[in-house]
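For the first sequence, counting from 1, position 13 maps to 13 in the UniProt record's numbering; every step adds exactly one.
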Amino acid sequence: MSNPVFRLSRSTLTIPTILNLATFSPARTRQLHAHIIKSGLLNDNSLSSKLLSLYSNHRCFAEASIFLDSIDEPSSSSFSIIINALSKFNFFNNVVDLFRKMLSKGVCLDSYLLPAVSKACAGLSAFELGRQVHGLAQVSGCSLDVVVQSSLVHMYVKCGRLSIARKVLDEIPEPDVVTFSAMIAGYARNGDVGMAKRLFGDMGKLGLEPNLVSWNGLIAGFNQSGRHLEAIHVFLDMHLRGCQPDGSSFSSVLAAIADLEVLNVGIQVHGYVIKRGFACDKWVVSSLVDMYGKYACVSEMKQVFDEMGCMEIGSCNALVSALARNGLVNDALAMFSQMRERKMDLNVVSWTSMISCCSQNGKDVEALELFTAMQLAGVKPNAVTIPCLLPACGNIAALMHGKAAHCFSIRRQITNDVFVGSALIDMYAKCGKIRDSQLCFDAMPTRNTVSWNAVIGGYAMHGKDKEALEMFDLMLKSGQKPNFITFTCLLSACNQKGLVDEGWRYFNCMQKEHGVEAKMEHYACMVSLLSRVGKLEEAYSVIKEMPFEPDACVWGALLSSCRTNKNLKLGEIAAERLFKLEPRNPGNYVLLSNIYASKGMWGDVDRVRDLMKDMGLKKNPGCSWIEIKNKVHMLLAGDRTHPQMSQIIHKMEALGKEMRKAGLDPKIDYVLQDVEEQDKEQMLCGHSEKLAVAFGLLNTPAGFPLRVIKNLRI
DNA sequence: GTAGGGTTAG
1 MSNPVFRLSR
11 STLTIPTILN
21 LATFSPARTR
31 QLHAHIIKSG
41 LLNDNSLSSK
51 LLSLYSNHRC
61 FAEASIFLDS
71 IDEPSSSSFS
81 IIINALSKFN
91 FFNNVVDLFR
101 KMLSKGVCLD
111 SYLLPAVSKA
121 CAGLSAFELG
131 RQVHGLAQVS
141 GCSLDVVVQS
151 SLVHMYVKCG
161 RLSIARKVLD
171 EIPEPDVVTF
181 SAMIAGYARN
191 GDVGMAKRLF
201 GDMGKLGLEP
211 NLVSWNGLIA
221 GFNQSGRHLE
231 AIHVFLDMHL
241 RGCQPDGSSF
251 SSVLAAIADL
261 EVLNVGIQVH
271 GYVIKRGFAC
281 DKWVVSSLVD
291 MYGKYACVSE
301 MKQVFDEMGC
311 MEIGSCNALV
321 SALARNGLVN
331 DALAMFSQMR
341 ERKMDLNVVS
351 WTSMISCCSQ
361 NGKDVEALEL
371 FTAMQLAGVK
381 PNAVTIPCLL
391 PACGNIAALM
401 HGKAAHCFSI
411 RRQITNDVFV
421 GSALIDMYAK
431 CGKIRDSQLC
441 FDAMPTRNTV
451 SWNAVIGGYA
461 MHGKDKEALE
471 MFDLMLKSGQ
481 KPNFITFTCL
491 LSACNQKGLV
501 DEGWRYFNCM
511 QKEHGVEAKM
521 EHYACMVSLL
531 SRVGKLEEAY
541 SVIKEMPFEP
551 DACVWGALLS
561 SCRTNKNLKL
571 GEIAAERLFK
581 LEPRNPGNYV
591 LLSNIYASKG
601 MWGDVDRVRD
611 LMKDMGLKKN
621 PGCSWIEIKN
631 KVHMLLAGDR
641 THPQMSQIIH
651 KMEALGKEMR
661 KAGLDPKIDY
671 VLQDVEEQDK
681 EQMLCGHSEK
691 LAVAFGLLNT
701 PAGFPLRVIK
711 NLRI
């Protein structure tokens, strides 16, 4: 006989023997179900409990529910079995539904199912619902149970209501180490690691010995609050007090180590990980991969990942971002495709990491495509995804996509997030919508340095020096500290308008008054500013006095102005440096030959052209775009009423085709897509910087200062 | 039979 139940029913086996069978497959469970119906044993309590457990453990909740419905008067323990299993598998909505159904049937509460319901409310962050459950627990008398109390503390913590959670904790006559751990983790997660530490101490005073989970909560708390060194100290303390770390302790402490300059400590902990047998723990591997990635130990991070011997989503995500962080963009993309091919369950972190990798490495169109693919895959973007995506919209002036992301943020109610807000400011500014940019800034409930930099940088980018400088004053008044990016934006604004005095003022005060060291970008701005107003010798002195070697940006600024001012002596010096630093940039050769041409030195013009030929370089694709470049520059200078706007657009289209033929990607479709739908003139004015990007102007010295701003990650 | 902790994306 192939049917086991049939065989059972015919055999001498009794029902109690069946119940003792350790495991039943789902199919066998269904057969048992049929057997129970056939034998009329539906209301046998122990049998029905066994069947419900079997179904629930196999996640056959539909069958469990059908069986529950067939019982005449189901007890709270019958509901409890399914509710606990649903909660264990994180089916929180179903927990709530079944709990409601149970109440509607008038079944009494018991303290075995309340923690699961409370956990579901915690998982759903359903504060109101959780409060009602708390009320029911009090009415039914279940709230005296320490397990129920602990679950309520956890629920309030997860809903972000720390003071209520603490009140519940304080009212428990005999809280145990689990209750304390929930509260400690709550304080830790919400950034109040001081309270977490105090409570940890209180627990000791009550004679409760902290266990592994409480130590881990504290380590994670210090790590998440950015107090990395203290996280390491707690880890050592725990070890000294005889509590041996587990995967959770290791993953937190390694994350802390990753953000400090202590690679040797990391290597020692890695040794400890191996010794304790956690080298294949998925959490630990993720942290190790991330740590080695942050220390640029590429082979180590790959080795740790490979030695785990399986593809697990968390560690794969860690590897993707570690590869991206180390500039191995193609490897990161390959890894991500492999994850997709293997049909791994990609989560929001997987998609967000990849979007971030693309938007930071010039793969803007790919970033936008990934955002669409992510949603098609049913993964909801969150408050981290949006700030990763928006720079891609800004980089190619894809205003429609940026707006869509903005609308998405409004629907998801994440516009109050400081990262989302700052990224929106930056995106609108880069798409030419400086007013929208300001509106987003105004709407922010809290701002940080990044938000101020975004709005100041936006005005600087649009040549609105007054507004940029005004915003800086407001920034100082608000008490927000400026950083090196703030000063780059300010100097860039001064540079565009030739404000030499203001430029020097900011340059001199940044170190003295604000403790910000002058970097390459600041020197580049000063050199550009001075040479722009014809003070070439002064600019050259600044270069000579720089405390580090000037880069191509600095020399490019000088060369560009030497052409305008027909200064051969300094032009040759700058060009010589540039030919070494950027031998393959045709713009440098063109500029020098222009200076020679302006002086009628045709022999030297030929010499530079031969130099270009030797390098296998052509002039920038389709030299007719020099014409466009001038017009774009006119727009940059603030000419908002150019009479030939529609011709410029046609020219852009033609150039786009030409560039594409030459195998170049002008990304013009994205620019034009927006232009089509908006008032063209209005858009084009705002798009001046984007046009410069689209046509590769930033790769020529003439593209300064856009080049400086573009390279900034606000 | 019920409760607590972790990593990777800005």
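Ideal placement from N, C-alpha and C gives every residue a C-beta, glycine not left out. These numbers come from a predicted model, not from an experiment.
| Query | Result |
| --- | --- |
| Looking at the unbroken alpha helix (DSSP H) that takes in F24, where does it start and where does it end? | Unbroken run through F24: none, as it is neither H nor E. |
| Using alpha carbons as the reference points, say which of K167, K544, S163, L212 lies closest to D192. | S163 |
| Between S104 and V95, is the Cβ-Cβ spacing less than 8 Å? | no |
| If you measure between the beta carbons of A454 and I434, is that distance less than 8 Å? | no |
| Could you tell me the distance, in whole angstroms, from the CA atom of G600 to the CA atom of M615? | 24 Å |
| Which first and last residues belong to the alpha helix (DSSP H) in which L169 is found? | 162 to 171 |
| Check whether the stretch 509 to 516 and the stretch 476 to 495 touch, using three or more Cβ-Cβ pairs below 8 Å as the test. | yes |
| Compute the distance between the beta-carbons of S359 and C388, then report whether it is under 8 Å. | yes |
| Check C280 in the structure and name its three-state DSSP category. | coil |
| Within 10 angstroms of its Cβ, does I274 collect 16 or more other Cβ (buried), or is it exposed? | exposed |
| Measuring straight from C-alpha to C-alpha, what distance separates G247 and D69? | 42 Å |
| When we look at the beta-carbon of N588 and count the other beta-carbons within 10 Å, is it buried (16 or more) or exposed? | buried |
| Can you name the start and end residues of the alpha helix (DSSP H) that N495 belongs to? | 484 to 497 |
| Ignore the nearest five residues each way along the sequence and tell me which others in V349's own chain have a CB closer than 6 Å to its CB. | N317 |
| Is D442 helix, strand or coil by DSSP? | helix |
| Enumerated in chain order, which unbroken segments of the alpha helix (DSSP H) with a length of 4 residues or greater are wholly contained in the stretch 89 to 159? | 92 to 104, 114 to 123, 127 to 140, 146 to 158 |
| Straight-line CA distance for Q480 to K205? | 41 Å |
| Give the C-beta separation of L323 and M311 to the nearest angstrom, bearing in mind that I take them to be a contact with Cβ-Cβ under 8 Å. | Their Cβ separation, rounded to whole angstroms, is 15 Å, which puts L323 and M311 out of contact at 8 Å. |
| So what does DSSP say about S422, is it helix, strand or coil? | helix |
| Could you tell me which of G186, R340, I414, L129 sits nearest to S150, measuring between CA atoms? | G186 |
| Please return the same chain residues whose Cβ sits closer than 7 Å to the Cβ of N567, not counting the five positions on each side in sequence. | L536 |
| If you measure between the beta carbons of residue 757 and L124, is that distance less than 8 Å? | Within the shown structure, residues of the chain are numbered from 1 to 714, placing residue 757 beyond reach of any answer. |
| By the three-class DSSP mapping on this structure, what secondary structure does L260 have? | coil |
| What are the boundary residues of the alpha helix (DSSP H) that includes H233? | 228 to 240 |
| Among the candidates G217, T179, A443, P210, whose CA atom is the shortest distance from the CA of G194? | G217 |
| Within the same chain, show all residues whose beta-carbon is closer than 6 Å to that of S422, passing over the 5 residues directly before and after it, in chain order. | V450, S451, A454 |
| DSSP on N588, reduced to helix/strand/coil? | helix |
| Taking only the alpha-carbon atoms, compute the straight-line gap between A188 and G160 and give it to the nearest angstrom. | 12 Å |
| Under 8 Å Cβ to Cβ from D72, same chain only, skipping five residues before and after it: list those, please. | L42, N43 |
| With three or more beta-carbon pairs closer than 8 Å as the criterion, would you say the stretch 408 to 421 touches the stretch 455 to 467? | no |
| Return the chain-ordered list of same chain residues with a C-beta closer than 6 Å to the C-beta of M374, the five sequence neighbours on each side being excluded. | W351 |
| With C-beta atoms as the reference, is V329 less than 8 Å away from C297? | no |
| Could you name the residues of the same chain whose beta carbon sits closer than 7 Å to that of V253, not counting the 5 residues immediately before and after it, in chain order? | I219, A231, I232, F235, V269 |
| Short of 7 Å in beta carbon distance, which residues of its chain neighbour I595, apart from the five on each side in sequence? Order them along the chain. | C562, R563, K566, L568, G571 |
| Alpha carbon to alpha carbon, how far is E174 from D281? Give it in angstroms, no decimals. | 35 Å |
| Where does the unbroken alpha helix (DSSP H) through I396 begin, and where does it stop? | It is not in any alpha helix (DSSP H) - I396 carries neither H nor E in the DSSP assignment. |
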